[in-house]
Amino acid sequence: MSIIFEVVDIILSEPTQRPGSRKGRPNHNPEFRRRLAMAACEPGVSIARLARENGLNANLVFTWRRRYLAEQQAEAVQLVPVAIVNEASSVNEPPALPEPETVRPAVPTGSIEVRIGRAVVKVDGIVDAETLRTVLRSLRS
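Start counting the sequence shown at 2; every next residue gets the next number (the working numbering).
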């Protein structure tokens, strides 16, 4: 459709464009995009070479591949069956009482200090009687 303006001898006309097309940017059909994205996912494929062979920018092929992988992942997601357990039955049970701590017998503490000449033996805590005799005998000798 042409619009003609006759103002000071200027004629303007509307360019004819198809709906959905953008100037300078081709719209590739979805099947072509999907095939290139699948090819880009193959191991060992150079995306730059694949893009060059098809007259495309590598960034565009990377974008198509990312979208393709996202679609594949979304299709792979499955729902898991869930069983709902009635929690009311567990509410009626009394709470478990904490177990009482075991009481340890008190450890006798004490201190013994023995001076023999210039030697001093100091013993803290529990000492075996036989060990103490052995130490004292060695000090006397």
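Positions of the beta carbon are idealized from the N, C-alpha and C atoms, including for glycine.
Our two residues, L98 and L133, have alpha carbons roughly 47 Å apart in a direct line.
Rounded to whole angstroms, P44 and G56 show a C-alpha spacing of 21 Å. In the three-state DSSP reduction, R26 falls in the strand class (E or B).
Relative to E32, the option among R116, E102, Y69, G126 whose CA is nearest is Y69. With a 10 Å radius around the Cβ and a threshold of 16 neighbouring Cβ atoms, L140 comes out exposed.
Judged by DSSP secondary structure, I48 falls outside any beta strand (DSSP E) and instead within the alpha helix (DSSP H) spanning 48-54. In the same chain as V121, and ignoring 5 residues on each side of it, the C-beta atoms closer than 8 Å to its own belong to E114, V115, in chain order.
W65 is not a Cβ neighbour of A49, given a cutoff of 9 Å. Inter-residue distance for A77 and E54 is about 31 Å (C-alpha atoms, whole angstroms).
Assignment of A75 by DSSP, reduced to helix, strand and coil, places it in the helix class.
In the structure shown, A120 adopts extended strand secondary structure according to DSSP, grouped into three states. When DSSP states are grouped into helix, strand and coil, E131 belongs to the helix group. When the Cα atoms are used, T135 and P101 turn out to be separated by approximately 42 Å.
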